[in-house]
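The block underneath contains the structure these notes are about, expressed in structure tokens.
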Amino acid sequence: MARTLPDTTNPFLGWLTTEVKKLAEADGLHLEIADAGASPVKQMEQIENFIAMGVKVIDIMPVDPNNVQDIIQRAQSQGIKIFVQGTDTQAYDVMQNIDQHDAGKQAAEMSIDWITKTFSTDGTVDGIPKGADAPMVIVIPATDTIDAKNRSQGMIDAINAWGHATVVISPTEARSTAQGSSVMETLMLQNPDADAVLTYNADTAMGVNEFIMGRSQTEKLLFGVFSGDWSPPVQETINMSLNNEAVFRGTIRIVGPELDGAAADLPVATLKIMKGLVEGKTPYGKWVKDVIAKTGPEQKG
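For the sequence shown, UniProt numbering begins at 1 and goes up steadily by one.
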């Protein structure tokens, strides 16, 4: 079995890959891991190598979902089963992903709940300042893939539909911690009164958090960052927001799908699907839909 993914330095992807590999080894299975380093060309080469090696299953989390159809079909023509995670490549044996627009919407809902709790004088939307004093929410999107575009649009649609915030869409997109920090620095120069930020992914949110925590002009208690993606380091940062030692306050976690009528966590589900494909079986169907959940700070004790 083999697995190629965009970037193992991404906290979520790194965590998922480590957990799946541990489970595979405990099962006595060999899982070849390839990190594409965010390069579509490198990922194509990795898939070529896996085809040449004659692996039984390739798990692909595509860098660019639009450029892998031909190579997937070539692998399938040689009897290799293809498991696509995180997107829809049209060509696959099994696809596992989430409703990205809904993930964005739920992230925005977390920010709405926090804004209402933090800025309302009476705990309802009626008590939220209006007009020029309305809370300002910045959205830092990513639109380079259909999935990123859908999640970002979900955030924008939900916060606009709510109608109780001034919404600023960042003209510069971000996907990494470094980009998040850099983009946020520019945005705060232009929008010094911002109160909350929605980012496409948790990597970007970590960068925004880093910048805001180092900014003396910002009252940390009155600033919130919300995003999608989860990993243990992300959870640790969110937990720190309880004492305002972080401003990253919530994210969307992929819980995992229901397999055999019971909830399975994501690493377990990933390996189960791959093991089924090794035997030429798809017991959970061709499309496995992941359940997602809003995730805030964990209460101590």
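Built from N, CA and C at the ideal position, the CB exists for glycine as well.
Between the region 131-144 and the region 166-174 there are three or more C-beta pairs closer than 8 Å, enough to call the two in contact. Per DSSP, reduced to three states, the secondary structure at ASP35 is strand.
Around the beta carbon of ALA205, 16 or more other beta carbons sit within 10 angstroms, so the residue counts as buried. For VAL84, the pairing in a beta bridge is given by DSSP as ILE60 and MET95. At the C-beta level, PHE226 and ALA142 stay beyond 8 Å of one another. A straight-line Cα-Cα distance of about 21 Å links VAL208 and THR116.
Between HIS30 and LYS22, the alpha-carbon positions lie close to 10 Å from each other. Within the model, the alpha-carbon separation for ILE128 versus PHE119 is close to 6 Å.
Within the same chain, Cβ atoms closer than 6 Å to the Cβ of THR218 are found at ILE212, the five residues on either side in sequence being excluded.
In this structure, the CA atom of LEU198 is about 42 Å from the CA atom of GLU279.
For GLY256, the enclosing beta strand (DSSP E) starts and ends at 248-256. Between the region 40-47 and the region 8-24 there are fewer than three inter-stretch CB-CB distances shorter than 8 Å, so the stretches are not counted as touching. Counting C-beta pairs closer than 8 Å gives three or more between the region 263-278 and the region 89-106, which meets the contact rule. When C-beta atoms of the region 75-91 are compared with those of the region 47-58, three or more pairs fall below 8 Å, so the two segments count as touching. Measuring C-alpha to C-alpha distances from MET240 to each of LYS275, SER181, ASN49 and GLU210 identifies GLU210 as the nearest.
In terms of Cβ geometry, MET1 and MET188 do not form a close pair [threshold 8 Å]. Note on geometry: alpha-carbon atoms of ARG253 and ILE47 lie some 28 Å from one another. GLY28 is classed as exposed because its beta carbon has fewer than 16 other beta carbons within 10 Å across all chains shown.
A straight line joining the alpha-carbon of GLU32 with that of VAL247 spans about 37 Å.
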